[in-house]
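Residue numbers (the numbering used here): 8 to 210.
Here it is in structure tokens:
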């Protein structure tokens, strides 16, 4: 049988997350530079973000040539641009004094692939980098990560938006994310689901 997909969220109907979708209007523009390997990944959190955030765009690529139009767009922007990536020179929102009326750029991929995007696009270094002070463990229990401070791109965006605008309610982003995670867990055989649950408790 051909798998049926929801016309709204584009997930398989058995994994439809529409009931958890609630739009959010943010002063901050969100741009995701997505590694090509993430586009069709079944557990990719970025595909959820446009369902909630209108003020965002996803640009797929890896090399500088892939992001030519994005580079021009950011160069012409009349608001501050921040790269969301932890480094020796990155700052918290409080340290930088960043405001909500800005553009934040997130790199979507494994740590290794996100770092590769950064290395292949040295023009990104002209923009200040921000990092999150991670207070809560990621709820991305359906996908393994090597680092304890790893967050899904959606979670990182939600927490950064909250840091930039204390008045913004980002719970709709996290709610639709939780819905996807729970549906994925429910679809797993019981033994596999238990392994994921045990793994999340150990982290």
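We put the CB at the ideal spot given by N, CA and C, even for glycine.
All of these numbers come straight from a predicted model, not from anything done at the bench.
Judged by DSSP in its simplified three-state form, residue 134 adopts coil rather than helix or strand. Between residue 171 and residue 100, the beta carbon gap of about 6 Å places them in contact (Cβ cut-off 8 Å). For residue 120, same chain residues with a beta-carbon under 7 Å away, outside a window of 5 residues either side, are 42 and 44 in chain order. Rounded to whole angstroms, the separation of the alpha carbons of residue 37 and residue 111 is 5 Å. Secondary structure at residue 11: coil, using DSSP grouped into helix, strand and coil.
Each of 52, 34, 40 and 39 was checked against the Cα of residue 24, and the nearest Cα belongs to 52.
With fewer than 16 other Cβ atoms from the protein chains shown falling within 10 Å of its own Cβ, residue 84 counts as exposed. For residue 92, the three-state secondary structure derived from DSSP is coil.
Close CB contacts of residue 29 within its chain, under the 6 Å cut and outside five residues either way in sequence, are with 179 (chain order). Within the DSSP secondary-structure output, residue 113 pairs in a beta bridge with 39 and 91. For the options 167, 107 and 161, the alpha carbon positioned closest to that of residue 58 is the one of 161.
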